[in-house]
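For the sequence shown, the working numbering begins at -10 and goes up steadily by one. Inspection log for the structure reproduced underneath, given as structure tokens.
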Amino acid sequence: MKKILIYGMSPIRAFRKLGNSFGLAWWAKIETVNPNATYWFGPFLTKKSLNAKVNGFLEDLTDEGVESMEYHVVRCKRIEPLTF
């Protein structure tokens, strides 16, 4: 089966990118202590798909030694995945 690409991207990735450019993508904003940083996990087409994946990302941060974190689900346009 031949894979369809749009500008070198899969159709789902292209659709996510388009949704993000219009501010319609779902992101998890994760604020951590030690290090003091804000991580952005996304973009996702639906809130449901974000909620299904965010726990794995939070576990990865815990495994890396993050001491404390909280997250919020937001719908917005993001460019940078990490903020210090």
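Virtual Cβ for every residue (Gly too), placed ideally from N, Cα, C. Fair warning: this is a prediction, and the values are worked out from it, not measured in the lab.
- Ranked by Cα distance from L50, the first of G8, L13, L34, T27 is T27.
- In the DSSP annotation of this structure, the continuous segment of the alpha helix (DSSP H) that includes F4 starts and ends at 0 to 10.
- Contact between R67 and W29 holds: CB atoms are separated by about 5 Å, below the 8 Å threshold.
- DSSP places A41 in no beta strand (DSSP E) but in the uninterrupted alpha helix (DSSP H) bounded by 36 to 52.
- Note: V63 is bridge-paired with W16 in the DSSP secondary-structure output.
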